[in-house]
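*Asks:*
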Ligand code: ATP
Ligand code: MG
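Numbering (the numbering used here), first residue to last: 1454 to 1716.
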């Protein structure tokens, strides 16, 4: 289990925040993590302090069939294949490719980093996705082995989740038999808010077997850090969100270990 997709077709639920900060927490433990930003909003890229034009982004990597020259290293052990906000046409352009559901998968299989295939150089590859279930997300799901679903502790959080789970099952059946639902993370959890408790309870009831125990609390430090182009862990390491991501990293690693033991 190396390549994981952070997916939820609902917008603003914390996909990018979880993807970037979990990646950062793992990189602080010495793991080499590549964040692949496959969202034209390019929030993972700007959140890591990187803004590039189309010509330096994953778009160009696809055009040239080689991701290597476009990989940046914004933090020690943390790498990024950036997106660009001028990628608005990406979803439509993918349609023109032969094997259009496998463009990202093939790209990640092609590249080298430090004279090693990408898949062997990096310990983990985390792919950030846009809030839709279109062709970009299909590409992400065919390129991944596991899916992490961030779930915001708000009204309607669970709405749309069954469609998402069905989509994942559909992709597993038709395009990527290796795909597993790896975990569900509750985000923007407010312990003083009854609704947060209710959503958490409900999610635990339905997804007991994959929900992470660690909940990511709500804190203004998250958006502050983003405005500085930094993960929360580099902005305020002692903040409770940073501590939660460090706990999540431990839980993530033990789940990885468990799986590998099983496999
Ligand atoms: P999109 O669907 O647009 O890609 P997303 O699911 O990636 O959104 P994020 O961008 O991670 O969601 O988060 C949405 C907003 O919520 C951002 O403004 C972010 O700063 C804020 N946010 C995310 N996590 C937290 C948190 N734990 N505490 C407070 N604010 C948060
Ligand atoms: Mg996002």
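Idealized CB from N, CA, C, for every residue including glycine.
Just so we're clear, the structure is a prediction, and the values are computed from it rather than from any experiment.
Cβ-heavy atom distance between residue 1468 and ligand 2 below 6 angstroms?
*Replies:* Residue 1468: yes, Cβ under 6 angstroms from ligand 2.
*Asks:* Roughly how many angstroms lie between the CA atoms of residue 1710 and residue 1482, to the nearest whole one?
*Replies:* So the alpha carbons of these two residues sit roughly 15 angstroms apart.
*Asks:* Taking buried to mean at least 16 other C-beta atoms within 10 Å of its own C-beta, is residue 1551 buried or exposed?
*Replies:* Residue 1551 comes out exposed.
*Asks:* Let me know the alpha helix (DSSP H) ranges lying completely inside the stretch 1480-1505, each 4 residues or longer, listed in chain order.
*Replies:* List check, alpha helix (DSSP H) in window: 1496-1500.
*Asks:* Along the alpha helix (DSSP H) that carries residue 1617, what are the first and last residues, could you check?
*Replies:* Note, residue 1617: alpha helix (DSSP H), 1614-1627.
*Asks:* Could you tell me which of 1577, 1573, 1656 and 1640 sits nearest to residue 1614, measuring between CA atoms?
*Replies:* Cα-wise, what sits closest to residue 1614 is 1656.
*Asks:* Is the beta carbon of residue 1582 sitting closer than 7 angstroms to the one on residue 1519?
*Replies:* Contact flag unset, no.
*Asks:* Is it buried or exposed for residue 1545, if we count other Cβ within 10 angstroms and need 16 for buried?
*Replies:* Label assigned to residue 1545: exposed.
*Asks:* Cα-Cα, which of 1496, 1619 and 1704 is closest to residue 1535?
*Replies:* Of the candidates 1496, 1619 and 1704, the one whose C-alpha sits nearest the C-alpha of residue 1535 is 1496.
*Asks:* Any heavy atom of ligand 2 inside 6 angstroms of the beta-carbon of residue 1474?
*Replies:* The answer is no for residue 1474.
*Asks:* Counting only runs that start and end within the stretch 1558-1620, where is the alpha helix (DSSP H) found for 4 or more residues in a row?
*Replies:* Qualifying alpha helix (DSSP H) stretches, in chain order: 1571-1574 and 1588-1596.
*Asks:* Let me confirm a value: residue 1703 is counted as buried when at least 16 other C-beta atoms fall within 10 Å, else exposed. Which label applies?
*Replies:* Residue 1703 comes out exposed.
*Asks:* Looking only at its chain, what residues have a beta carbon closer than 7 angstroms to the beta carbon of residue 1554, apart from the 5 residues adjacent to it on each side?
*Replies:* Same-chain partners within the cutoff: 1591, 1592, 1595 and 1628.
*Asks:* Excluding the 5 residues flanking residue 1576 on each side, which residues of the same chain have their C-beta closer than 8 angstroms to its C-beta?
*Replies:* Result list for residue 1576: 1455, 1479, 1484, 1485 and 1486, in chain order.
*Asks:* If contact is defined by three or more beta carbon pairs under 8 angstroms, each pair taking one atom from either stretch, is the stretch 1527-1543 in contact with the stretch 1605-1620?
*Replies:* Output reads no: the stretch 1527-1543 does not touch the stretch 1605-1620.
*Asks:* By a C-beta neighbour count over all protein chains shown, 10 Å radius and 16 as the cutoff for buried, is residue 1681 buried or exposed?
*Replies:* Answer is exposed; the Cβ neighbour count stays below 16.
*Asks:* Taking the alpha-carbon positions, what's the residue 1533 to residue 1521 distance?
*Replies:* Cα-Cα distance, rounded: 11 angstroms.
*Asks:* For residue 1526, which of helix, strand or coil comes out of DSSP?
*Replies:* Three-state DSSP puts residue 1526 in a strand.
*Asks:* Is it buried or exposed, residue 1673, if we count other Cβ atoms within 10 angstroms and call 16 or more buried?
*Replies:* Residue 1673 is exposed by the Cβ-count criterion.
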